[in-house]
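Numbering (the UniProt record's numbering), first residue to last: 1 to 495.
We treat Cβ as the ideally placed atom computed from N, Cα and C, and that holds for glycine.
Step one of this worksheet: look at the structure below.
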Amino acid sequence: MSSGDSPWGSEWILLVGIVILAVYWLRGPKVISKLPVATGGHWLVGHLKNLMGVDGLEYQGRIFSKYGPTVMLKGLMRSPVIFSIDPAVIHSVQSKEKDKFHRPNGPTIMIWAVFGGGLFALSATKSRVQYEVPAGNTVLFILDWSLILFGLFIQMPIFLGVAKETTSIIKKDLEFSSSSKEVDIFPWTTAAALDLIGEAGLGYSFNSFSGQRDEYSTAIKKAKQSLAKLAPLIQLLPYVHRIGTSGFRQWIMDIIPSSTIQKLRRATKVQNEQAEEIIRARQELLSAGKDLSSETGRGKDIMTLLIKARESEGAESYIDRQSTIGHMNIFIFAGHEPMKYSLEGKQINMVIILDDSASITRILDLLAQHTSIQDRLREELRHYFESNRDEVHYDALLELPYLDGIVRESLRLFPPVSNIPRVCVEDTILSLDCPIDTPSGRVTSVPVKKGTMVFLNNVHFNRNKAIWGERANDFLPERWMEKKIDEVTEAPTHV
1 MSSGDSPWGS
11 EWILLVGIVI
21 LAVYWLRGPK
31 VISKLPVATG
41 GHWLVGHLKN
51 LMGVDGLEYQ
61 GRIFSKYGPT
71 VMLKGLMRSP
81 VIFSIDPAVI
91 HSVQSKEKDK
101 FHRPNGPTIM
111 IWAVFGGGLF
121 ALSATKSRVQ
131 YEVPAGNTVL
141 FILDWSLILF
151 GLFIQMPIFL
161 GVAKETTSII
171 KKDLEFSSSS
181 KEVDIFPWTT
191 AAALDLIGEA
201 GLGYSFNSFS
211 GQRDEYSTAI
221 KKAKQSLAKL
231 APLIQLLPYV
241 HRIGTSGFRQ
251 WIMDIIPSST
261 IQKLRRATKV
271 QNEQAEEIIR
281 ARQELLSAGK
291 DLSSETGRGK
301 DIMTLLIKAR
311 ESEGAESYID
321 RQSTIGHMNI
331 FIFAGHEPMK
341 YSLEGKQINM
351 VIILDDSASI
361 TRILDLLAQH
371 TSIQDRLREE
381 LRHYFESNRD
391 EVHYDALLEL
401 PYLDGIVRES
411 LRLFPPVSNI
421 PRVCVEDTIL
431 SLDCPIDTPS
441 GRVTSVPVKK
451 GTMVFLNNVH
461 FNRNKAIWGE
471 RANDFLPERW
481 MEKKIDEVTE
491 APTHV
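If you want it as structure tokens, here you go:
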């Protein structure tokens with residue numbers, strides 16, 4: 001593998017990175033940890049390579065099995081990383097002391113650079129600025145609504161239309177088989193996710209089911225693949241970002257002999273041009289007073305509502321054009337299948353936050369493995385649609401408790417994000433719900449220095465038998481229904 005094709009970038013990039021990391025290591029937190037320290041680890045990226053590798057989930061499980069629910073790992077330049085599924089640690093980092101634990105700057109800078117902003121690229125402070133506005137501000141209401149509910153209560157017809165198109169294609173594929181047949185549904189769930197996000201989110205059709213190549217979608221897919229290869233180096237970005245002026249950094253990017261970085265830059269340029277064109281076309285329709293009811297999204301898509309609200313209320317200071325482009329790019333980024341790339345001869349799968357197609361495919365896979373659950377769900381759906389032939393709306397989800405349980409249980413076992421990284425910005429002490437016995441005594445709390453990374457692991461917390469019982473690894477949708485849901489909600493902190 002040539003240096004230009006290496007997922008780590010060229011040797012020149014690594015050399016610069018090592019120098020930066022050396023400075024980071026000398027200035028970074030020096031923790032005298034009471035925690036057990038995992039052995040091994042790469043000299044440059046510590047245990048991060050194992051956490052992100054092809055056997056990442058299995059490796060994480062072995063770590064917790066060997067060292068307990070809270071352990072010290074090695075990060076970049078063997079810097080300390082607290083790795084935990086302890087309920088008290090999770091509660092402190094995510095809620096009780098969340099002001100002391102911020103998102104790392106690396107991913108934020110990456111999102112700004114690649115996607116052009118959006119809510120996911122905001123720091124904690126900027127995020128609060130966008131939300132703390134006068135009551136009744138339409139733009140912020142729409143943004144909050146779009147990210148949390150995604151407009152389900154008015155987008156149900158679009159959802160159902162795409163779902164029917166997906167099932168009809170799969171059904172047609174099966175009709176030509178005289179007996180049982182194995183069908184690869186992943187391309188169709190990806191097409192469905194893209195069309196759902198395109199129509200309901202952007203008012204734009206990707207024509208995914210027709211097999212046509214869409215330049216916008218293709219560019220974001222290429223960006224996703226390039227980012228996967230560069231993922232281990234994202235923590236370098238806060239330090240690289242401080243070097244010289246913006247023009248100087250741009251010049252450096254122009255001459256870097258890395259095919260991965262250059263492909264990412266080309267894909268970024270195309271996706272931003274396409275997003276600009278979509279916004280421009282929609283603004284022209286709105287300015288001309290055109291009736292959008294016959295357009296894709298019927299004028300109720302999220303981007304159209306954002307544009308309308310911003311123009312009517314003059315709220316550019318809250319959601320500017322660049323942030324709108326960022327929202328668009330991230331929505332489409334989320335719709336693509338998980339990234340796959342080769343690293344040292346192995347196939348690596350990285351599931352990115354909000355990966356709709358992967359979540360849908362996972363649910364279908366679980367249903368295929370549990371036919372009795374599949375039968376019960378089919379009966380619940382059949383009963384509802386027979387009773388409500390002409391009335392399908394968002395509230396219908398409240399009348400489908402078994403479907404709700406299936407979705408929740410699937411996300412419990414296979415959360416879209418396996419680890420939540422946070423960086424400590426102020427010296428503090430984390431209490432432990434699960435004390436650790438060491439040769440020097442029992443440890444019930446851990447001092448954490450400013451600058452220390454903390455990784456909260458969703459997957460193995462959600463499979464912790466101390467919280468979820470002996471059948472924690474089993475797929476049981478009914479655990480979210482009726483009285484059993486009380487057992488879930490009364491358990492310790494949930495991620």
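For residue 217, the closest C-alpha among the options 288, 324, 331, 244 is that of 331. Put simply, the backbone Cα of residue 425 is about 8 Å away from that of residue 449. Among the bridge pairs identified by DSSP, residue 437 is matched with 442. Here the C-alpha atom of residue 83 lies approximately 9 Å from the C-alpha atom of residue 421. Comparing alpha carbon positions, the residue from 477, 225, 465, 470 closest to residue 85 is 465. Inclusion of residue 166 and residue 191 in the CB contact set at 9 Å is warranted, their separation being smaller than that value. Assigned with DSSP and collapsed to three states, residue 79 falls in coil, not helix or strand. Residue 73 is positioned such that its CB atom lies no closer than 9 Å to that of residue 418. DSSP places residue 185 outside both helix and strand once states are collapsed to three, so it counts as coil. The Cβ-Cβ distance between residue 413 and residue 473 falls below 9 Å.
If you draw a straight line from the Cα of residue 463 to the Cα of residue 256, it is about 43 Å long.
Residue 242 sits in coil when the DSSP states are folded into three classes, being neither helix nor strand. Close CB contacts of residue 39 within its chain, under the 8 Å cut and outside five residues either way in sequence, are absent. In the DSSP assignment, residue 299 forms no beta bridge with any residue. By a beta-carbon distance limit of 8 Å, residue 460 contacts residue 64. Their separation comes to about 5 Å.
The Cβ atoms of residue 48 and residue 81 sit closer than 9 Å to each other.
Rounded to whole angstroms, residue 469 and residue 227 show a C-alpha spacing of 38 Å. The stretch 295 to 305 and the stretch 193 to 207 touch, with three or more beta-carbon pairs separated by less than 8 Å. Put simply, the backbone Cα of residue 328 is about 22 Å away from that of residue 187. In this structure, residue 373 sits away from residue 189, with a CB-CB distance that is not shorter than 9 Å. DSSP places residue 102 within a strand segment (E or B) once states are collapsed to three. When the Cα atoms are used, residue 264 and residue 208 turn out to be separated by approximately 23 Å.
If you compare the alpha carbons of 41, 69, 68, 97 with that of residue 428, the shortest gap goes to 97.
Residue 74 is bridged by DSSP to 80.
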